[in-house]
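S.K.:
There are 2 protein chains.
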Amino acid sequence: MAKFVKFTKLRSSTDSTFWAKFVELKIDKFKLDEKSVNLWGNYSLQSLNENNNNPLVLDFTSFNEDLEILNNNSSVLCFGHMINTNTFEAFRQINPEQFINSMGKDIINNIQDGTVLQNPWKLSLFLVLAYSDLKKYKFYYWVAHPTPLKLPEMYYQESPQSINEEFTARQVEDLCQHFLQLDSRTKSYFTVSISKEGKLSIIDLATGVETINAREKQSQEYSEIYFAFYDPCTTSNPGWPLRNLLCLLCWHCPIYYFSKIIKFISIRGNKAQKSIVFKLKTKEYENYKDIRDALFMSHLVGWESNSNDKLGPTIVNLSDTMDPAKLSDRAINLNLKLMKWRLAPDLDLEKICNLKCLLLGAGTLGCSVARVLLGWGVNNITFVDSSNVSHSNTVRQSLYSHQDAVKHKYKAYAAKDALLNIRPSINAEGVVLHIPMPGHVVGKSMLDSTKQSLEKLEELVENNDVVFLLLDSREARWLPTVLCAAKNKIAINAALGFDSYTVQRHGTRNFTSPASPDLDARNPRGMDLGCYFCNDVTQPGNSQTDRTLDQQCTVSRPGLSQIAAGLAVELLVALLQHSQGIEAEALVGNSRDNISPSDTELVGLLGCIPHTIRGSLWNYDTQLTITHRFTSCTACSVPIIAEYKNRGLSFVLDACNIPNYLEKLSGLEQILKRPDLDELCYALDSISDEDEDDGNDVIP
Amino acid sequence: MAKFVKFTKLRSSTDSTFWAKFVELKIDKFKLDEKSVNLWGNYSLQSLNENNNNPLVLDFTSFNEDLEILNNNSSVLCFGHMINTNTFEAFRQINPEQFINSMGKDIINNIQDGTVLQNPWKLSLFLVLAYSDLKKYKFYYWVAHPTPLKLPEMYYQESPQSINEEFTARQVEDLCQHFLQLDSRTKSYFTVSISKEGKLSIIDLATGVETINAREKQSQEYSEIYFAFYDPCTTSNPGWPLRNLLCLLCWHCPIYYFSKIIKFISIRGNKAQKSIVFKLKTKEYENYKDIRDALFMSHLVGWESNSNDKLGPTIVNLSDTMDPAKLSDRAINLNLKLMKWRLAPDLDLEKICNLKCLLLGAGTLGCSVARVLLGWGVNNITFVDSSNVSHSNTVRQSLYSHQDAVKHKYKAYAAKDALLNIRPSINAEGVVLHIPMPGHVVGKSMLDSTKQSLEKLEELVENNDVVFLLLDSREARWLPTVLCAAKNKIAINAALGFDSYTVQRHGTRNFTSPASPDLDARNPRGMDLGCYFCNDVTQPGNSQTDRTLDQQCTVSRPGLSQIAAGLAVELLVALLQHSQGIEAEALVGNSRDNISPSDTELVGLLGCIPHTIRGSLWNYDTQLTITHRFTSCTACSVPIIAEYKNRGLSFVLDACNIPNYLEKLSGLEQILKRPDLDELCYALDSISDEDEDDGNDVIP
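Chains as they are written, first to last, in full-length UniProt numbering: chain A, 1 to 700; chain B, 1 to 700.
1) Please report the straight-line C-alpha distance between A/S12 and B/G375, rounded to a whole angstrom.
2) Below 8 Å, can you find three or more Cβ-Cβ pairs linking the region 206-216 of chain B to the region 156-174 of chain B?
3) I need the straight-line Cα distance from B/A331 to B/N38, nearest angstrom please.
4) Out of A/K274, A/S445, A/A428, A/M446, point me to the one whose CA is closest to A/L460's CA.
5) Mind listing which residues of the region 567-584 of chain A have their C-beta closer than 9 Å to chain B's C-betas, in chain order?
6) As a quick exercise: from A/S390, A/A642, A/G648, pick the residue whose alpha carbon is nearest that of A/S666.
7) Is there a C-beta anywhere in chain B that falls below 8 Å from the one on A/A415?
8) May I have the straight-line CA-CA distance separating B/P313 from A/L479, to the nearest angstrom?
9) Beta-carbon of B/N95 versus every beta-carbon of chain A: anything under 8 Å?
10) Tell whether a beta-carbon distance below 8 Å holds between B/Q577 and B/L602.
11) Please return the same chain residues whose Cβ sits closer than 6 Å to the Cβ of B/C353, not counting the five positions on each side in sequence.
12) For the region 496-569 of chain A, list the beta strand (DSSP E) runs that are entirely contained and at least 3 residues long, ordered along the chain.
13) Determine whether the Cβ of A/V698 lies closer than 8 Å to any Cβ atom of chain B.
14) Drop a sphere of 10 angstroms on the beta-carbon of B/R170, count the other beta-carbons inside from all chains shown, and report buried for 16 or more, exposed for fewer.
15) Step through the CB atoms of chain A and report whether any lies within less than 8 Å of the CB of B/T394.
16) Closer than 8 Å by C-beta to A/K3: which residues in its own chain qualify, once you throw out the five before and the five after it? Chain order, please.
17) So the beta strand (DSSP E) A/Q118 belongs to, where does it begin and stop?
18) Tell me whether the beta-carbon of B/A476 lies closer than 8 Å to the beta-carbon of B/M437.
19) Quick one: list the residues of chain A neighbouring B/T622, beta-carbon separation under 9 Å, in chain order.
20) Could you give the distance in angstroms between the alpha-carbon of B/L419 and the alpha-carbon of B/L575?
21) Are there any heavy atoms of the ligand PLP lying less than 7 Å away from the beta-carbon of B/N119, as far as the coordinates show?
22) Give the DSSP-derived three-state secondary structure of A/I27 in the structure shown.
23) Among residues of its own chain, excluding the 5 on either side of B/F139, which ones have a beta-carbon nearer than 6 Å to its beta-carbon?
24) In chain B, which residues lie less than 8 Å from A/K136 when you measure between Cβ atoms?
25) Note down, in chain order, each residue of its chain lying with its Cβ closer than 7 Å to the Cβ of A/C484, except the 5 sequence neighbours on either side.
26) Give the straight-line distance between the Cα atoms of A/E210 and A/K340, rounded to the nearest whole angstrom.
27) Could you have a look at A/C636 and say whether DSSP puts it in helix, strand or coil?
28) Considering only DSSP beta bridges, list what B/F126 is partnered with.
29) From which residue to which residue does the alpha helix (DSSP H) around B/G366 run?
30) Below 6 Å CB to CB, which residues in the same chain sit around residue 708 of chain B once its five sequence neighbours on both sides are set aside?
31) In chain order, what residues of the same chain have a beta carbon less than 6 Å from the beta carbon of A/V128, not counting five sequence neighbours either side?
32) Express the C-alpha separation of B/L358 and B/S368 in angstroms, rounding to a whole number.
33) Closer than 6 Å by C-beta to B/L399: which residues in its own chain qualify, once you throw out the five before and the five after it? Chain order, please.
34) Excluding five sequence neighbours on each side, which residues of the same chain lie with their C-beta closer than 7 Å to the C-beta of B/E68?
35) Below 8 Å on the Cβ atoms is my contact criterion, and I expect B/V503 with B/L560 to pass it. Report the Cβ-Cβ distance as a whole number of Å.
36) For B/C656 versus B/C531, is the C-beta distance shorter than 8 Å?
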């Protein structure tokens, strides 16, 4: 009795690039979608391993829908589907038998309707059932190569022979050449014909089957026909792919299949010399049609064993092997991209990540603002500060450690280093720079350094998109306010009192065709909103002189800076995601409960954009207020900006050194002399700032 | 012509303990007070340095008002005053001449009214003018030893002689003995009398002056009188203290002063052997009274030179020399104590610093909460968390670095280490512990570990004052809520949605005499407030099963956690500083604008204490809402707590393993069957939680 044929099972292998690419697609494209994903696996022809099966390799190219670029001589392609469940629970609850039967039924259909005759790659199919833990980079997956269970037993009619015994050297050489010229997708199954003259040629499966069927009818043998398949297996048995080829022959040439000796070539590797010829035959059956029907109605089988030789999923943990810095970047983006899955699909994360942020002040607010920017994935952060880390800073300024205070590091540098310690790929910079301030007289000895500071500050404002004003005095905010207005940059201002805070966006400025602000609009546009100085009736002066210790330090309830910093960054991000951007209409307090989401002038993707948020920890209230642009503002009005643009450094020096210079220049001095000042002050729409950190006088 | 006398100037030296003590007093006691501070300086008798003057030493004992403990044989005490200005500007603007004249005028008065005759230490006085930069530990100070400018010139009648030449060995020995027995305050000036028999005795200044004046009248010399003074100077000249002694003699025995040779003993060191005898005399004046008047009306002089031999302040920078860990502690306290100077004088910082806080969950909220607690100077923080730092955590969880993620450290340990890196003296702990949860079935294999977890958690809740619920699922908060209710601990709860947050304090529970909550109170007391579960109509279950990635992670706008954490800690601190503590009446939203500060049931030192704060980043609104205590709550109701107290572990296991166990036990199941459920739900006063991080169903 002849020996019956066993089929060596297939094995697959996933490259880490496969999962990396999948993570990317899952987060950016598939999101919550659990639909089947098409894949291309490949068997390498080059690196055939003697001891093991040549595995079906899945890598980052597996997701490529464009097959042309994958058509190369060095591999055999195999088509497949992957289902990735969103939860581990769903993964566990999938019944493997049902899964392979429903997902693999294409194989049966493609055989029966003849599709595979023209598209031989459809005769094999692999299935991946997976669950990916994207937080931990842990992947659970299980691969199947579906094939009908009830394949009739086949028997060896001769012992398997090397191709070199069956064919002449010339024929082997031709086979090799022709095979390599085949399309990667058609290398998996084809027919080899040997003419009477001994000429070897490759014909497709359809022609092979036709030839066989014709020959059966005419009973004449004008050529030898061999059915060939790429065989990733290296044992003396034929590999799993032969099963589906047998099914095809059983369906399309049943008489031949159930009565004749069929010759197969198992193509192994790229040289073909190692290929094997199998001559096989079924048992004789009384009613072969029953056998055939049973075959095509049987369940599908073909789940791979895992590395423990058990039927079950393989677990890949890539958190250790992936480059930590890249892992970190990917993980950070993951959290952000999750927002797009369900909550804010239209969120433009690129806009946020690519933002260049300049943080003036690396104290309590500066550190907290940087941390929220980190959370939003902002890649470019520059700190400007002239002071050093002191021991009283570390518990409130969240980027500094005890060692920074011991080493008395510059805050700007310590803050930069802290960001790099959190996210190595971030583009962070620290600049030690003293900002020139009105009322802080610049003597001769300081001329050079003041010039350099101004130039550097101008360069920094120019090169950034957003400027955060997080400084510890009112006058330190003056020059940055001038520069932001002159260069039309987004300016976000935050200031702390003891138990209250103010967070504000500056309005935009148009110096080419300035108009008076529209004071009547219920929700003023960006161009009509004020800056930090628009409700002042004196120019900023030296507030550091003659201040006691508790006035020098921002004495505030420690939770306050986190709250204000959180609001400052969220205000910025909401503004960036608003269709009108910085020109967005400002939400005011009393209209807060009656917002129509369809009012796109007011409502952006992330909600409304107030001008000024004032909050208190005393009664947990938040007020949204408005200050209008002031045409005699000492920081952002037309005469000020014109003079700055004209005279640069000498303007700044005059502002620092000459008392009331800015009041004169802006026209504020004239206004203060007017008899109707009280009414005017009322019109200025000002709100008491008495609780703020700098304690300067403003109109009550 | 005889040589006229030059006086060697004095020198002082401040020990670092002087400034450390001053910083303490300034922050805790003096605060903004700029009034003069009394000081005791001392000259050491032991360590007389040959080359230099023996400096007037100021150290931490200088502030001691209780002189007795300072009365020792090893030093000579000197009295003084210090003025410390609050600002550098004020320091700079003080005119030194005016300062010494006004502050030193006591010297003149004390001489003229005879006070110094009884209290010789009042004959010398030192003045310190200082400005202390408490942020940088930099001290500017300038010391003066006031004495009238127009002291008549004195001339040596003999060359200065060693005491050993003037006195017998026995007399020297006696002088030495007597001197050492003098009070530290009277060592500075006294009289030495030698009887006809050669016996040396020490008499006070008053007796000395009396003796001299009597002798002038009676013209008989029955004993030798020497005026003695402790002389810190080591030159051959007499030291500065002699000047005021001369003034005293000029005033109280003018005839003697202007006509006779006066003998002085300059006492040097503790052995007296090195002391010097000076015999001095003034010029002859025609009208000595004019000279005397001029002397007593003249300006005062006596400012020390600094180390550059210039008249000007000395700068001491102690930031480098002080122990960094202690510096850090002092600096941290400084920031806090500044609040008491002006803004909240009654703030009880001890209560906050000594607080023991248990943070359940060391994720985004846990890290931010810990940072605000650090800012408040809280000394005892324990983290409980069972997970590890992953790469997606670092940019949002503000205690972790990239390296923590690479090393995959347990969050509880990494968080503890981070706190120690910020404040080395903090008492921080990390506990890796998995909290048993309803719906998460405990199998046999987990029994032991569940038992241990429960015991550890019970111990932790017991040993802490406050429990923060910062966990990532609703069911994880159940057991901590039960434990806090059973042990009556302060529980603060925070939860995040995408752009909204909830911060809440749990109500208190009284299980000895439970009453129905008063639903009518406008501002319910702590005992009538609900817990996190009081508005649920199902028991907490396994919400982790079958959740997609974006549901597993808290997908929230990054600023949100900082805001919620800031509010959670500030709510706690406000509560601690409220006279009613955790029983304080809850502020509700609609009464926020009409708060009477005198309503002490409602308003605490740091404002009002709501029950639940709900905020949104969409329209920047904050709502203050109330949930009443629910008598069938699945976490804090009487039947639940009674069963927990009765059965401990087996109760917890039943809660984890038996579906609906808690609903049955609490009576909730019965209520849900009632036909009037809809009305009941309305009465439960619930608010939609649909935006919260755990997504469990609650009554809308």
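Idealized CB from N, CA, C, for every residue including glycine.
M.R.: This is what the structure holds:
1) Put simply, the backbone Cα of A/S12 is about 55 Å away from that of B/G375.
2) no
3) 25 Å
4) A/A428
5) L567, A568, V569, E570, L571, V573, A574
6) A/A642
7) no
8) Going from the Cα of B/P313 to the Cα of A/L479 covers about 35 Å.
9) no
10) no
11) G377, N379
12) 500-505
13) At A/V698 the pLDDT is 25, less than 50, meaning the model places this residue with poor confidence and gives no usable figure here.
14) exposed
15) yes
16) Y155, Y156
17) Counting along the chain, A/Q118 falls outside any beta strand (DSSP E), though it belongs to the alpha helix (DSSP H) covering 115-118.
18) Result yes, Cβ atoms of B/A476 and B/M437 sit closer than 8 Å.
19) G615, Y620, D621, T622
20) 24 Å
21) The ligand PLP is absent from the structure shown, which contains no ligand whatsoever.
22) helix
23) Hits under 6 Å: W19, S132, V316.
24) Here the neighbours are S390.
25) Closer than 7 Å at the Cβ level, and outside the excluded window around A/C484, lie V461, V467, A491, H506.
26) 54 Å
27) coil
28) B/G80
29) 364-375
30) Given a span of 1 to 700 for chain B in the structure shown, any question on residue 708 of chain B remains unanswerable.
31) Counting only residues of its own chain and dropping the five nearest sequence neighbours on each side, A/V128 has a CB closer than 6 Å to the CB of M82, Y141, V143.
32) Distance from the CA of B/S368 to the CA of B/L358, rounded to the nearest whole angstrom, comes to 14 Å.
33) C367, A415, A418
34) Note that B/E68 has pLDDT 48, beneath the 50 cutoff, so the model's placement of it is unreliable and the number below is only indicative. Nothing meets the Cβ criterion.
35) Incorrect: roughly 11 Å between the Cβ atoms, too far for contact.
36) no
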